[in-house]
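Per this note's numbering: the sequence shown = residues 3 to 268. Before any comments, here is the structure.
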Amino acid sequence: MSCCVADTGKQEKSVPNDPGAAASEHESNTIAEWEMYSEWWQDGFTDGADTEYSEQILPLIMKYLPLRGAMVDIGAGDGQVARLAAAAGLHAIAVERARNQIDVGVERGGGVLWLQGSATELPLADASVDAAVLCLVIEHIERFDAAIVEVARVLRPGGRLLILMNHPILQTPGSGWIDDHILEEQYWRVGPYLVETTTVEEVGHDVFLTFHHRPLGSYLNVAAEAGLTLTRFIEPSPAPGFLAETPEYTEADTIPRLLFTVHSKP
């Protein structure tokens, strides 16, 4: 899986979450999307192709990974996070559902162990890894609570979960940067933040991906209920390279696009 930072200015279709809807239907759609758009992802967001990943996302993850032990990159895409971890000396495992992503990841090598599997049913033993990473993945997972419980299961005592996501408050569907030429002011419009919503967003030309928006408290409470303690809460300013490439966002340099949290297992 693995994804880009959502652009709230893109076209989107909104579907309020139905508690009675079959989760398997949403999950099947997500798998199909990533099989279809895997090449788009690999060409545009890996191996240095994306400034935001190179300048901010990957360095942030590497800063908070442990120095040794085993880590799992969940929804790994082509495995770029796992490859960096392996290069740093960790035993790196990549778990991914999309076959097209796995095949490219295996070709790119890097000493990564690849496993095909789901975030909600990790193919790992209890207490078998020292760190788990969900990098721009959790907002694509329908049953995110089950995924966090699974992470808690596979983490060793003292292990840590790193979650990087589109900021739930500022990347709410319907949010976006407003440049008002009548009032001569610029500001960030926030959409209906408290409403849990599933949207299909156009994140590239003819590339449509499913996002699940939830309030921030949903993530933090589920992690706490799974026995994971919040140890870091980071809202980084947009990457300088991103601002340079998108001058229309220059004045939004104090508004975070991302949220990064670290949770530890006692």
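By construction, the Cβ of each residue, glycine as well, lies at the ideal position given by its N, Cα and C atoms.
Cβ-based neighbour list, residue i, same chain, cut-off 6 angstroms, excluding 5 preceding and 5 following
i: PHE276; result: Residue coverage of the chain in this structure runs from 3 to 268, which leaves residue 276 outside it and unanswerable.
i: ALA254; result: TRP179
i: LEU196; result: PRO217
i: GLY112; result: ARG85, ALA88
Under 8 angstroms between C-beta atoms of residue i and residue j
i: THR336; j: ASP80; result: Given a span of 3 to 268 for the chain in the structure shown, any question on residue 336 remains unanswerable.
i: GLU54; j: PHE244; result: yes
i: ALA154; j: ALA100; result: no
i: ALA72; j: VAL131; result: yes
i: PRO258; j: LEU172; result: yes
i: LEU232; j: ILE63; result: no
i: LYS267; j: GLY161; result: yes
Pairwise C-alpha distance: residue j and residue i
i: GLY176; j: ARG191; result: 8 angstroms
i: LEU138; j: ALA34; result: 18 angstroms
i: TRP116; j: LEU157; result: 18 angstroms
i: VAL224; j: ILE150; result: 7 angstroms
i: GLU123; j: GLY219; result: 24 angstroms
i: THR201; j: GLY46; result: 22 angstroms
i: GLU14; j: GLU203; result: Unreliable positioning characterises GLU14 in this predicted model, as indicated by a pLDDT of 47, which lies under 50. The coordinate reading is nonetheless provided below. Going from the Cα of GLU14 to the Cα of GLU203 covers about 4 angstroms.
i: PRO194; j: PRO61; result: 32 angstroms
i: VAL108; j: VAL114; result: 8 angstroms
Reference residue i, options the options, closest by Cα
i: ARG85; options: ARG101, VAL106, ARG99; result: VAL106
i: LEU261; options: SER239, GLY50, PRO249; result: SER239
i: GLN44; options: VAL83, LYS65, ALA94, GLN58; result: VAL83
i: PRO217; options: THR256, ILE184, PRO249, HIS169; result: HIS169
i: GLY91; options: LEU67, ARG110, GLY77, ILE76; result: LEU67
i: TYR189; options: LEU164, TYR251, GLU37; result: TYR251
i: GLU141; options: GLU109, GLU37, PRO159, TYR221; result: TYR221
i: MET38; options: GLU187, LEU230, ASN102, HIS183; result: ASN102
Own chain residues within Cβ distance below 8 angstroms of residue i, not counting five before or after
i: THR248; result: none
i: ILE76; result: VAL97, ALA121, LEU124, ALA134, VAL135, LEU136, VAL139, ALA149, VAL153
Residue i at chain B interface by Cβ criterion, 8 angstroms
i: VAL153; result: No chain B is present in this structure, which holds just one protein chain.
Residue(s) in a DSSP beta bridge with residue i
i: MET167; result: LEU261
i: HIS207; result: DSSP, once it has assigned bridges, lists no residue as partnering HIS207.
7 angstroms CB neighbourhood of residue i in its chain, flanking five on each side removed
i: SER16; result: At SER16 the pLDDT is 41, less than 50, meaning the model places this residue with poor confidence and gives no usable figure here.
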